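To start, the structure itself, in structure tokens.
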Amino acid sequence: MQPSPNGKPRWRASVTRRTSLPDWPGLLAGLFLCALILGPLAAVTLRAGGGGWPVAADWAALRFTVLQAVLSAVISVALAVPVARALARRRFPGRGVLITLLGAPFILPVIVAVLGLLAVFGRGGVLNDALLWLGLPRVQIYGLHGVVLAHVFFNLPLATRMILQGWQAIPAERFRLAASLGMSPGTVLRILEWPMLRTVLPGAALIVFALCLSSFAVALTLGGGPRATTLELAIYQAFHFDFDLGRAAVLAVMQLVLVIAAAALALRVNPATGFGAGLDRIQRRWEAETPLLRTQDAVLILLAALFLLTPLAAVVWHGAAGLMEMPAQVWNAAAVSLAVSLVATVLCLSLAMALATLALRRPWVEGFGLMGIAISPLVIGTGLFLIVNPWVDPARLALGVTALVNAVMALPFALRMILLRLREIEETHGRLATSLGMTGGVRLRWLILPRLRPVLGFSAGLTAALSMGDLGVIALFADMENATLPLQILRLMGAYRMDAAAGAGLLLLALSLALFWVFDKGGRDNASV
Amino acid sequence: MRNLLLATGLIATATMAAAQDRPVLTVYTYDSFVSDWGPGPAVEEAFEAQCACDLQFVGAGDGAALLSRLRLEGARTDADIVLGLDTNLTAAARETGLFAPHGVDADFDMPIAWTDDTFLPFDWGYFAFVADADLQAPGDFRALGDSDTTIVIQDPRSSTPGLGLVMWVKAAYGDEAGAVWEGLADNIVTVTPGWSEAYGLFLEGEADMVLSYTTSPAYHLIAEDDATKTAVQMAEGHYMQVEVAAKLAGTDQSDLADQFLSFMLTDAFQSVIPTTNWMYPAKTPEAGLPEGFETLITPGKALLLNPEEARAMRDAAIAEWQAALAR
Numbered sequence: 001m002q003p004s005p006n007g008k009p010r011w012r013a014s015v016t017r018r019t020s021l022p023d024w025p026g027l028l029a030g031l032f033l034c035a036l037i038l039g040p041l042a043a044v045t046l047r048a049g050g051g052g053w054p055v056a057a058d059w060a061a062l063r064f065t066v067l068q069a070v071l072s073a074v075i076s077v078a079l080a081v082p083v084a085r086a087l088a089r090r091r092f093p094g095r096g097v098l099i100t101l102l103g104a105p106f107i108l109p110v111i112v113a114v115l116g117l118l119a120v121f122g123r124g125g126v127l128n129d130a131l132l133w134l135g136l137p138r139v140q141i142y143g144l145h146g147v148v149l150a151h152v153f154f155n156l157p158l159a160t161r162m163i164l165q166g167w168q169a170i171p172a173e174r175f176r177l178a179a180s181l182g183m184s185p186g187t188v189l190r191i192l193e194w195p196m197l198r199t200v201l202p203g204a205a206l207i208v209f210a211l212c213l214s215s216f217a218v219a220l221t222l223g224g225g226p227r228a229t230t231l232e233l234a235i236y237q238a239f240h241f242d243f244d245l246g247r248a249a250v251l252a253v254m255q256l257v258l259v260i261a262a263a264a265l266a267l268r269v270n271p272a273t274g275f276g277a278g279l280d281r282i283q284r285r286w287e288a289e290t291p292l293l294r295t296q297d298a299v300l301i302l303l304a305a306l307f308l309l310t311p312l313a314a315v316v317w318h319g320a321a322g323l324m325e326m327p328a329q330v331w332n333a334a335a336v337s338l339a340v341s342l343v344a345t346v347l348c349l350s351l352a353m354a355l356a357t358l359a360l361r362r363p364w365v366e367g368f369g370l371m372g373i374a375i376s377p378l379v380i381g382t383g384l385f386l387i388v389n390p391w392v393d394p395a396r397l398a399l400g401v402t403a404l405v406n407a408v409m410a411l412p413f414a415l416r417m418i419l420l421r422l423r424e425i426e427e428t429h430g431r432l433a434t435s436l437g438m439t440g441g442v443r444l445r446w447l448i449l450p451r452l453r454p455v456l457g458f459s460a461g462l463t464a465a466l467s468m469g470d471l472g473v474i475a476l477f478a479d480m481e482n483a484t485l486p487l488q489i490l491r492l493m494g495a496y497r498m499d500a501a502a503g504a505g506l507l508l509l510a511l512s513l514a515l516f517w518v519f520d521k522g523g524r525d526n527a528s529v
Numbered sequence: 001m002r003n004l005l006l007a008t009g010l011i012a013t014a015t016m017a018a019a020q021d022r023p024v025l026t027v028y029t030y031d032s033f034v035s036d037w038g039p040g041p042a043v044e045e046a047f048e049a050q051c052a053c054d055l056q057f058v059g060a061g062d063g064a065a066l067l068s069r070l071r072l073e074g075a076r077t078d079a080d081i082v083l084g085l086d087t088n089l090t091a092a093a094r095e096t097g098l099f100a101p102h103g104v105d106a107d108f109d110m111p112i113a114w115t116d117d118t119f120l121p122f123d124w125g126y127f128a129f130v131a132d133a134d135l136q137a138p139g140d141f142r143a144l145g146d147s148d149t150t151i152v153i154q155d156p157r158s159s160t161p162g163l164g165l166v167m168w169v170k171a172a173y174g175d176e177a178g179a180v181w182e183g184l185a186d187n188i189v190t191v192t193p194g195w196s197e198a199y200g201l202f203l204e205g206e207a208d209m210v211l212s213y214t215t216s217p218a219y220h221l222i223a224e225d226d227a228t229k230t231a232v233q234m235a236e237g238h239y240m241q242v243e244v245a246a247k248l249a250g251t252d253q254s255d256l257a258d259q260f261l262s263f264m265l266t267d268a269f270q271s272v273i274p275t276t277n278w279m280y281p282a283k284t285p286e287a288g289l290p291e292g293f294e295t296l297i298t299p300g301k302a303l304l305l306n307p308e309e310a311r312a313m314r315d316a317a318i319a320e321w322q323a324a325l326a327r
């Protein structure tokens, strides 16, 4: 191990020598992403003949965007830590189903999720009914706190999953050792859990931050008025109301710079925990087996479930009534969305695997993965349109482009999960594998893939579910015959058919969860380790 | 991915081959016009029955996105007709120089005179606040501002009705518009990016009233047999939205495009509008309006800024709106 300037072991450098997977897939994937994101940005800028300088209102939008994204990221992650800890420490019947269900808010189309939230927290929601009944004043959801509440609702499950994985990566032997040394829960936190959290939290917060940066409909609808203007809305306005492409491009660059700066901060943290190897045993937490801590964890899990599942119950309740009114076109749209989602999943996992291998040696590569959510979908869409339109009818590429955009949007999560586990595998088994001369395909097949399988399954499930629900719809690439399910929901709403739209929303939720469950379970069942 | 693209390509080629013997008329429009629940399918069938052509709709978001797409494509566009701009967009659209005069001489059944030689109306409506019928609603904007009545509106920077409301207040109050908005600020529950979100929020009971159209109650009455929704009459008069179509100057199907514009004002097209687009037809069909439309309110005064005025005032009016609501 080489000494680093501050005397601590330099894990990254040592990983470099141990890993014998090729660089070129990662380099190719990185180039592809750059081309996909910077190409359209350049196309928009060229068409505009240069950038336009942001106006005063854009700086206000920048401030609000950063403020709500930072708050959302910090609160999501802060709340996710105790929830993930409770889930990591406890085994109970239905735990797997609960974890799957907790992921649901994230995959709903924004408007469906917002209506679900309002059924609980809105003016006429359950919460206010209860307060009224108790003789208490009503709470108002609209404002900065409403925006943050919605973003936490969307991102708490995601942060919980990312942090939960960190817990599971601590070898079970360390907890056993801690127990045999008679360590208290506090000491376990300090010695084992905190070092893990320090490496996991910045990455998780970074992803939530990047996601919330491009929020548009949620921020405006729950923000209560023009004070809640985000950069994404300013970009929309620049494109469609002012047709000021230069300004749109500059605003998109501002978003990109924000994410790159945040990534530079977050990814500076040393990614290694240094727990060493374990035997992949099931964790048991002797130190936490006290009645007090049991109760505490049960309450935490219950509260999280209540917060996340009540709005979902509202979505199901509304949707069930609308199922009967759903027109036949909705089923066609569901089939289209399934196809798009599967293609996006293959694409996303390929990119994530390639980038993760490269990121083992160069942690900043993970920043590439974030570019997809850092840049405005409107800018990508418009740029791609400018590039392809002279050659081919954009409508013909509609589904392909949707799948591609969805894959890129889901990439940061898949990359993060895969990278964390890959790093763990290389640190624990890499030296042995290298000494046995396992390189390239052999190493991938016998060492890495079997161990990575649960994470691959989970990432595939998340990507597939996200690609069902995410509105990677780019109006310029609209395909009249083959609308995706989220687009069909919007069309139903636009035609006053709110009940049918709610039914379609429920169908989307069910399909997304089913996809997630199949992949996630497939990954865990067949894992040979 | 490659297979999917290939399959999509093959399907597209097959469709093209089938239609090859007929000339294609390409109409760019907003997405909800061409959705299965909009006027698109019925219009397509009726026109193809008489034109020996293939009418193809291309949907591009909303009216504003439609114009953006045309500007992106410029003179190279495949569009022969654009259908779905409104008077807030026509000044900018005219400036692009992409459009040709329509040459149609028609009488319209609209509360205002129409003389534009390029943009031809196909439907129109009045903006209005929609509420439950039993609401004691204030009768003008100042009274609304003084009341506790809550409203949900759309953002003028991203939505057509949102911009319509800003123009409505501007047309009714001129220099006092800012003060009226300050009065309204505490009545506004929230501002949504588009019409659907606002209407959904209203139906969920988040506000007493929502900005929509005087024709919205007709949907509930006719399609859902629900007479509990009503539009609120405002003493200032109601701002109008006139939706127009125009022919592209660079079309390679000039005759067919002219034929479509004439067809647009016949009963076959106009009779589809009321119960699919839920707007008033620009020219009332022979059979009159569908049953249920007679229950709708008729504003005492129709307000509409002409396109040049609308364009000149837009930015300042939005700034005024934004300043008043940001307090």
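Protein chains in written order, with full-length UniProt numbering: chain A, 1 to 529; chain B, 1 to 327. Ideal Cβ placement from N, Cα and C applies to all residues, glycine included. Keep in mind it's a predicted model, so treat the numbers as computed, not measured.
- In the structure shown, the three-state DSSP call for residue 157 of chain A is helix.
- Counting only Cβ-Cβ distances below 7 Å, residue 498 of chain A has contacts in chain B at 200 and 203, in chain order.
- Boundaries around residue 241 of chain B are those of the beta strand (DSSP E), 238 to 248, since no alpha helix (DSSP H) includes it.
- Boundaries around residue 254 of chain B are those of the alpha helix (DSSP H), 254 to 264, since no beta strand (DSSP E) includes it.
- In the three-state reduction of the DSSP assignment, residue 284 of chain B falls in the coil class.
- For the 9 Å CB-CB criterion, residue 171 of chain B and residue 304 of chain B form a contact.
- The C-beta of residue 324 of chain A has fewer than 16 other C-beta atoms within 10 Å across all chains shown, which makes the residue exposed.
- Below the 7 Å Cβ cutoff, chain B contributes 64 and 157 as neighbours of residue 241 of chain A, in chain order.
- Of all residues in the stretch 112 to 146 of chain A, only 114, 115, 118, 119, 122, 123, 124 and 142 come within less than 8 Å of chain B when Cβ atoms are compared, listed by chain position.
- By the neighbour-count criterion, in which 16 or more other beta carbons inside 10 Å mark a residue as buried, residue 265 of chain A falls on the exposed side.
- In the structure shown, the three-state DSSP call for residue 171 of chain A is coil.
- Look at the stretch 219 to 248 of chain A: the residues with a C-beta under 9 Å from a C-beta of chain B are 220, 221, 222, 223, 224, 225, 226, 227, 228, 229, 233, 234, 236, 237, 239, 240, 241, 242, 243 and 245.
- For residue 463 of chain A, the enclosing alpha helix (DSSP H) has its first and last residue at 449 to 469.
- The DSSP-derived three-state label of residue 211 of chain B is strand.
- Shown here for residue 245 of chain B: same chain residues with a beta carbon closer than 7 Å to its own, the five before and five after excluded, namely 81, 82, 83, 120, 122, 261 and 264 in chain order.
- Residues 162, 203, 204, 207, 366 and 369 of the same chain have their beta carbon placed closer than 8 Å to that of residue 416 of chain A, with the five preceding and five following residues left out of the count.
- In summary, the residues of the stretch 148 to 178 of chain B whose CB is separated from some CB of chain A by less than 7 Å are 155, 157 and 158, in the order they occur in the chain.
- Closer than 8 Å at the C-beta level to chain B, one finds these residues of the stretch 321 to 337 of chain A: 327 and 329.
- The Cβ atoms of residue 418 of chain A and residue 442 of chain A lie no closer than 9 Å to each other.
- Look at residue 353 of chain A: its C-beta is not under 9 Å from any C-beta on chain B.
- Annotation: residue 170 of chain B is outside any beta strand (DSSP E); the continuous alpha helix (DSSP H) that includes it extends over 160 to 173.
- Within the same chain, Cβ atoms closer than 6 Å to the Cβ of residue 224 of chain A are found at 142 and 143, the five residues on either side in sequence being excluded.
- Taking 9 Å as the threshold, the shortest C-beta distance from residue 197 of chain A to chain B does not fall below it.
- Between residue 382 of chain A and chain B, the shortest Cβ-Cβ separation is below 9 Å.
- Around the beta-carbon of residue 85 of chain B, 16 or more other beta-carbon atoms lie within 10 Å, marking it buried.
- The criterion of a C-beta distance shorter than 9 Å is not satisfied by residue 204 of chain B and residue 228 of chain A.
- Contacts between residue 478 of chain A and chain B, judged by CB atoms closer than 8 Å, involve 31, 58, 59, 60 and 61 in chain order.
- Secondary structure at residue 311 of chain A: helix, using DSSP grouped into helix, strand and coil.
- Exclusion of the five residues before and after residue 272 of chain B leaves 39, 42 and 43 as the residues of its chain whose Cβ lies within less than 7 Å of its Cβ.
- Of the candidates B:311, B:182, B:310 and B:257, the residue whose Cα lies closest to the Cα of residue 52 of chain B is B:257.
- Within the stretch 298 to 313 of chain B, not one residue has a Cβ closer than 8 Å to any Cβ of chain A.
- Put simply, of A:30, A:498, A:160 and A:496 the residue whose alpha carbon is nearest the alpha carbon of residue 301 of chain A is A:160.
- Note on geometry: alpha-carbon atoms of residue 299 of chain A and residue 122 of chain A lie some 25 Å from one another.
- Between the alpha carbons of residue 490 of chain A and residue 115 of chain B lies a gap of roughly 35 Å.
- In the structure shown, residue 100 of chain B falls within a strand segment according to DSSP collapsed to helix, strand and coil.
- Taking a C-beta distance under 9 Å as the contact criterion, residue 39 of chain A and residue 420 of chain A do not qualify as a contact pair.
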